[in-house]
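Shown next, in structure tokens, is the structure this report addresses.
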Amino acid sequence: MLRFVVVTACLLPGMHSALVIIQPALSPFAGIRTRSVPQNRYLGPQGTDAVIVNVTAEFMVVNSDTLCVTNRDVPDEARGRIVFLVSGAGAPLVGCPVSVVYSRLDEKGVAAWIIIFPNGQDVTDPIEFYHRNSGMLGPGRNAMLFVEVEEPAQPGTSLVDYLMDSWQKKDPIVISVRPDVNDWDDFYPRWYIQVLLRWIPTVVFGFACVLAARFLGKHLTFINAEFDGTLPAPSMRTRRRRIKFIASRLSIVHLILVIELVTTPALCAFIGIGGWGSNDILPHEMTLFFLTGLSGWGFTCDVLSAVFWTSIIKEIPGSGRGSWFGRLLDRHYMIKVAFCVLPVTLDTVACLLNVLYVNVPYDYLLTAALIMILQRVVGIQFLPDSHSAKDECSHGSRSVYM
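Numbering (mature numbering (1 follows the signal peptide of the UniProt record, and there is no 0)), first residue to last: -17 to -1, 1 to 385.
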């Protein structure tokens, strides 16, 4: 069986790189250049390197079921080959960072690792590009090529199916591959991208944090002054009475402010330092946790706001009954609790599963879809309530003035 590796280096700035099937010559993909992009800027040679690495080697399929734990199932024949990973038992429930798999294959002497995506699907992942953690190899042990390949539109046959069929038939396939330039390599460093992606959201969340702290501080100051006015004698103003009085005056408004006071500085710091994964400063797992922007907590604030406006409308004579959603929350306490707790729980659990590399099918998709639907329902009902309360308050103010 033919097996060889040719690693060449050449100075080719700006040249388009690709994956090409060299053998067999009559392959339906012969002569077709397929885009091959490095998955991560810290794993393997890059298309932006001064010296572009080209790997030509025989193709091989390797089982990936145990690669997160050990590389004992990777055959010795994988040394010097270009490998494509498949799972015999389906995706494992608990996975691991891609850097761990890279390290296992590199220890076996694999020449290149390719991941194949369907045609038309973007092979560049913005979240994975700056993925860096303690499991990354040092500069001296980072020579194995690691690229993501987009299937060609022609000849109409799946590249994955062709490679798998040829491997099962024991037909030798020789592939030549070198890294292309990742789209995000030139995108993230641009100053206006950093302004839009990083600094504007940082300022917005920072300003929201300051406002939440200011309003909450004013509310507590007023409540404290009310307590002092209620008990003129200083000897009666015990700490226990003060705490009990302040607790009796707290409402939904203060709960909303506390939630904002906790979540907005966290997002401000995450985006300001990490820039939504546009650099390698923060651990990759932290980026995965904040990927949804704590949207579950934001939805809880929306529900609490709807409850608040419903209570305001009830206190205004002649303002009507409010929206059906507000009345539903007002009548059923457990539904109110469920609408507040469920989105936070789903959002947090989905993020934690991602951080722990637990593979639950469609976890992010289902969570995002559910929160989006609930947001639409709450938003549609929240706007009429708040607008009605505003109109009634404005009408009452004009009547008093006249």
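By construction, the Cβ of each residue, glycine as well, lies at the ideal position given by its N, Cα and C atoms.
Point to revise | Cβ-Cβ distance between Val320 and Leu271 below 8 Å | key: no
**Study point:** Span of the alpha helix (DSSP H) around Pro326
**Key:** Tyr316 to Val338
Point to revise | Start and end residues, beta strand (DSSP E) containing Pro21 | key: Thr17 to Pro21
Practice item. Report all residues from its chain with a CB closer than 8 Å to the CB of Ile229; omit the five preceding and five following residues, and keep chain order. Key: Leu203, Ile206, Asn207 and Phe210
Practice item. Apply the 10 Å Cβ neighbour rule to Pro122 and answer buried if 16 or more other Cβ atoms are within range, or exposed otherwise. Key: Any reading at Pro122 must be qualified, since the residue scores a pLDDT of 49, below 50, and its modelled position is unreliable; the value itself is stated next. Answer is exposed; the Cβ neighbour count stays below 16.
Check your understanding: Which residues share a DSSP beta bridge with Leu2?
Key -> Thr17 and Val160
**Study point:** Segment contact, 8 Å Cβ cut-off, at least three pairs: the segment 324 to 344 with the segment 279 to 292
**Key:** yes
Exercise for review: Taking Ala249 as part of the alpha helix (DSSP H), name the residues at either end of that continuous run.
Suggested key: Ile235 to Gly257
Review point. Is any heavy atom of the ligand ATP found at a distance shorter than 7 Å from the C-beta of Arg314?
Key: Although the ligand ATP was asked about, the structure shown includes no ligands whatsoever.
Practice item. Sort out for me which residues DSSP pairs Val77 with in a bridge. Key: Val341
Point to revise | Neighbourhood of Asp89 by C-beta, 6 Å cutoff - its chain only, sequence neighbours within 5 removed | key: Met127
Review point. By a C-beta neighbour count over all protein chains shown, 10 Å radius and 16 as the cutoff for buried, is Ser82 buried or exposed?
Key: buried
**Study point:** Nearest residue (CA-CA) to Ala289, options Met269, Pro215, Arg310 and Phe273
**Key:** Arg310
Point to revise | Ile98 - containing beta strand (DSSP E), residue span | key: Ala95 to Phe100
**Study point:** Spatial distance of Gly63 from Ala8 (CA atoms)
**Key:** 21 Å
Review point. Which class does Ile110 belong to by DSSP, given the choice of helix, strand or coil?
Key: coil
Point to revise | Exposure of Lys91, with buried meaning 16 or more beta-carbon neighbours within 10 Å | key: buried
Review point. Which stretch, first to last residue, makes up the beta strand (DSSP E) that contains Ala33?
Key: No beta strand (DSSP E) contains Ala33, which DSSP labels as neither H nor E.
Exercise for review: Might you give, ordered along the chain, the residues of its own chain that have their beta carbon closer than 8 Å to the beta carbon of Tyr145, omitting 5 neighbours on each side?
Suggested key: Ser10, Pro11 and Phe12
Review point. Mind checking whether Ile4 and Ile156 have CB atoms under 8 Å apart?
Key: yes
Exercise for review: Report the three-state DSSP secondary structure of Thr270 (helix, strand or coil).
Suggested key: helix
Check your understanding: Does DSSP put Thr39 in a helix, a strand or coil?
Key -> strand
Exercise for review: Please classify Met43: is it buried, with 16 or more other beta-carbons within 10 angstroms of its beta-carbon, or exposed?
Suggested key: buried
Check your understanding: When you compare only the Cα positions, how much space is there between Ser47 and Phe100?
Key -> 17 Å
**Study point:** Pairwise C-alpha distance: Arg55 and Gly255
**Key:** 42 Å
Check your understanding: Roughly how many angstroms separate the alpha carbons of Ile295 and Gln177, rounded to a whole number?
Key -> 42 Å
**Study point:** Stretch pair the segment 18 to 32 + the segment 157 to 166: three plus CB contacts closer than 8 Å
**Key:** yes
**Study point:** Three-way DSSP call (helix, strand, coil) for Asn207 in this model
**Key:** helix
Point to revise | Opposing strand residues paired with Val186 [DSSP bridges] | key: The partner list for Val186 (beta bridge, DSSP) is empty, contrary to what the question assumes.
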